Each structure stands twice: as structure tokens, then as C-alpha cells.
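**Q**
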């Protein structure tokens, strides 16, 4: 049953060691400014994205939906999104469309976060098999279910090929993305789920679809290869592909080199400092999932505490780089480590930031 799969994901992600790879933010070094010429209280971390003002450039990552446990998690996350004025993805909504009795687990997001930025979510393999009429209905249902301000389509080939009941169906996805972009009447986000997006895929999306945002979701955080292999009992196979994908810091540079829209950084981001580094190398906002899942399982208070800590960490990074606002942070000097420099050189990536490191 699809409900048991959703609860499996929650259980395994919260109880097992499922983080793999290195996002390479350890090789992204912000330059300390000993004389910032600003007061900490005057640091402004707010941004506007998709016509929504966020208190800082953070979006709660896509996680779950469709079960009683998921409903409690989503309610706690949504309440915090509203309180802090940040964004929130929901998990894949396919379950609520094919089993309407589970939609309540998503509707709590709209109820608890009426003004926050809310992002609906459907899977590329599923939309690839739908005719235009049914797809239009799915898109409308997903958006209406949470009163969404934007729609994400997630690309997850690695997850699907390792999932016991996986659907590794990606032929025709570009055509469906173009159709969704035309009919959604909402900003379209194309995102990965933990294996990264390359320069080549970003260029293909930019030229063939023109999404409003790309969420890189690189390696270094939760591995769905690992989660699905645990479910399937095929961990030996997963060991062969341990760390498969593009590290998050590199994926940001790859995507930004060919794409001028909104870039969202996710994949192993674990602090406000990581988020600040992501902004400095080309992202517009950042996201994380597993740490918030762990917090939300403990309830609203723990979730609120975690997000407050994240905001303070982000503001400290801005202050210590002399950044009055997020635009200044995006221009802050950075020094890359040898792995990043070698990768970008071999890939001949004309990342705009390279000029600052030469």
C-alpha cells in the first residue's frame, strides 16, 4: 500500500543512518570581515520570491503526506512556516489524488499556513504517463489542495530505480513539463530529491521548459537510494551507488552557469551557515528536510526552536561577511577548496563566481 510506503519513509529517514556523500560546503569559505560597519540588528535577511516576502531565504523541504503521522508532521511544519514567514514544500501529492481520503494530511498545510509560501508537489514519473486532460486535473487538484503559490515537479530517477514498487518512467517528461508550465498559472519549480542537477540538465530545462526555479537537491544529505534499498533489502546494491550524484555546492554552480532563474539549494544543508554559503555561490534560497522531520516528530515547539536557530545562524553569517541584505551576501567574496576548483575546471563551467577566485 502507498500509505505504508509513506510511513516507511518517515520511519527509516528518522531512525536509520541514511545521509550519504559530501555536499562540499566544507570547501566553500566565506571571508570574515573584521570591520563590517553595520550593527547586527540592522542585518536584513528577508527576500521576495514568487511574490511572497520571506523573513529569510528558507523553504521547508518536501517530506511527506498521506498518513496520520504525516498529517501531524505537516501541521507542525506549516504552523512554523506561517509564524516565521518562510516557505514550505509538501511531499508528493499523488497519494491524495488517487486516494482522496488521505488529502486531509495535506490540507492541514493551508489551514495552518494561510499566508506562507506553499509549494505543491507531483512526481515526474507519474505525470509522464498522464494524458493532458487527466494531467490538468492532477495539477489543479494539487494546487487547490493546499492553496499553493507554486508547483514543483520532482525528478527522482535514482529513487525510482531502487524503490521496490518504483516507476522509473522518464520518457516524455519534457513535453509534460512544458504542458504544466502552460496550464498551471503558478510558478513552476523543477527539483531533484538528493542526487543533484547538472549543467546539461539545467540547460535542457532552461531551453525547453523555462521553469521559474530549479531546486538542485544535490548529494550530501538524505539518500533515497539508501532509504529504498533498506525497504527492498538490497543494501549491497545501494553500497555500489553510495554517494551517487552531484554534491550540492557543485550542483549550484553547474545550474547557475546556464540558468538565470531562481535557484534553490538543498541537499545536506544543515545550518544557517551552509545556507549562507549556498547564497554566496549562486543560490537564491535554501531548503532542508530531514532535520525538520526529526524536529517535527517531536512537535511544534521543537520545530519552532530549530527554525529560530537556523535564522540566527544565517543572520550571523551575513553580519560576519558585512552583508546588510541578501543581495550583498550573494556578492560576498568566497574561496573554494581544491575539489570544487578541480571539478569546475574539468567541466569548463563558466560560473560567474570563478572570476573572484582566480
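Numbering (our numbering), first residue to last: 756 to 1113. Here a beta-carbon is modelled for each residue, glycine too, at the ideal position from N, C-alpha and C. The model shown is predicted, which means the values in this text are computed figures rather than measured ones.
Please classify residue 1113 as buried or exposed, where buried requires at least 16 neighbouring CB atoms within 10 angstroms.
**A** With a pLDDT of 36 at residue 1113, under the threshold of 50, the modelled position of this residue cannot be trusted; read the value that follows with caution. With fewer than 16 Cβ atoms within 10 Å of its Cβ, residue 1113 is classed as exposed.
**Q** By the 10 Å Cβ neighbour count, where 16 or more other Cβ atoms means buried, how is residue 970 classified, buried or exposed?
**A** Buried is the call here.
**Q** Near residue 877, what residues of its chain come up, given a Cβ to Cβ distance below 8 Å and the 5 sequence neighbours on each side ignored?
**A** Cβ neighbours of residue 877 beyond the five flanking positions: 847, 848, 849, 893, 894, 897, 906, 907, 908 and 909.
**Q** Taking one C-beta from the segment 829-836 and one from the segment 1092-1101 each time, how about it: are there three or more such pairs within less than 8 Å?
**A** With the cut-off at 8 Å, the segment 829-836 and the segment 1092-1101 do not touch.
**Q** Give me, in chain order, the residues of the same chain whose beta-carbon lies closer than 7 Å to that of residue 957; leave out the 5 immediate sequence neighbours on both sides.
**A** The answer, listed in chain order, is 969, 1009, 1010, 1013 and 1014.
**Q** Determine the extent of the alpha helix (DSSP H) in which residue 1003 is found, giving its start and end residues.
**A** Start and end: 1003-1011.
**Q** So what's residue 787 in DSSP terms, helix, strand or just coil?
**A** In this structure, residue 787 counts as coil in the three-state DSSP scheme.
**Q** How is the alpha helix (DSSP H) around residue 772 delimited, first residue to last?
**A** Per DSSP, residue 772 belongs to no alpha helix (DSSP H) and is neither H nor E.
**Q** For the beta strand (DSSP E) that residue 844 lies in, which residues bound it at each end?
**A** Here the beta strand (DSSP E) through residue 844 covers 842-844.
**Q** Tell me, please, which residues DSSP counts as bridged to residue 1042.
**A** For residue 1042, which the question treats as bridged, DSSP gives the partners 814.
**Q** Just how far apart, CA to CA, sit residue 963 and residue 795?
**A** Their Cα atoms are separated by approximately 44 Å.
**Q** In the DSSP assignment, find the unbroken alpha helix (DSSP H) run with residue 898 in it and report its ends.
**A** Taken as a continuous stretch (DSSP letters only), the alpha helix (DSSP H) holding residue 898 covers 887-901.
**Q** Within 10 angstroms of the Cβ of residue 1198, are there 16 or more other Cβ atoms? Answer buried if so, exposed if not.
**A** Residue 1198 lies beyond the stretch modelled for the chain, which goes from 756 to 1113, so this question has no answer here.
**Q** Give the list of continuous alpha helix (DSSP H) stretches no shorter than 4 residues that lie fully inside the segment 951-990.
**A** List check, alpha helix (DSSP H) in window: 954-963 and 979-987.
**Q** Who are the Cβ neighbours of residue 1000 in its own chain at under 6 Å, not counting the five residues just before and after it?
**A** For residue 1000, where only same-chain residues beyond five positions count, the Cβ hits under 6 Å are 950, 951 and 974.
**Q** From the DSSP output, read off the bridge partner residues of residue 872.
**A** Answer is 842, bridged to residue 872.
**Q** Buried or exposed: where does residue 1054 fall if 16 or more other Cβ atoms within 10 Å of its Cβ makes it buried?
**A** Exposed: under 16 other Cβ atoms inside 10 Å.
**Q** Which residues bound the beta strand (DSSP E) around residue 1091?
**A** Start and end: 1089-1091.
**Q** For residue 1093, which residues of its own chain have a beta-carbon under 8 Å away from its beta-carbon, when the five flanking residues on both sides are left out?
**A** Counting only Cβ-Cβ distances below 8 Å, and skipping sequence neighbours, we find 782.
**Q** Hey, out of 843, 948 and 995, whose CA is closest to residue 707's CA?
**A** One cannot answer for residue 707 here, as it falls past the ends of the chain, which runs 756 to 1113.
**Q** So what's residue 1166 in DSSP terms, helix, strand or just coil?
**A** Nothing can be reported for residue 1166: it is not among the residues displayed for the chain, which extend from 756 to 1113.
**Q** Considering only residues of the same chain and omitting the five flanking positions on each side of residue 948, which have a CB-CB separation below 7 Å?
**A** 909, 911, 914, 972 and 979, listed in sequence order.
**Q** Rounded to whole angstroms, what's the CA-CA distance from residue 806 to residue 871? Just pull it up for me.
**A** Cα to Cα, the separation comes out at about 11 Å.
**Q** Would the segment 1072-1080 and the segment 860-871 be scored as touching if the rule is three or more Cβ pairs under 8 Å?
**A** No: the two stretches stay apart, fewer than three of their Cβ pairs being nearer than 8 Å.
**Q** Find the nearest neighbour of residue 993 within the set 927, 1036, 759 and 776, judged by alpha-carbon distance.
**A** Ranking 927, 1036, 759 and 776 by Cα distance to residue 993 puts 776 first.
**Q** Excluding the five sequence neighbours on either side, which residues of its own chain have a C-beta within less than 7 Å of the C-beta of residue 1058, listed in chain order?
**A** Counting only Cβ-Cβ distances below 7 Å, and skipping sequence neighbours, we find 831, 832, 835, 1047, 1050 and 1051.
**Q** So if DSSP puts residue 946 in a beta bridge, which residue, or which two residues, is it bridged to?
**A** In the DSSP output, where bridge partners are listed per residue, residue 946 has 909 and 970.
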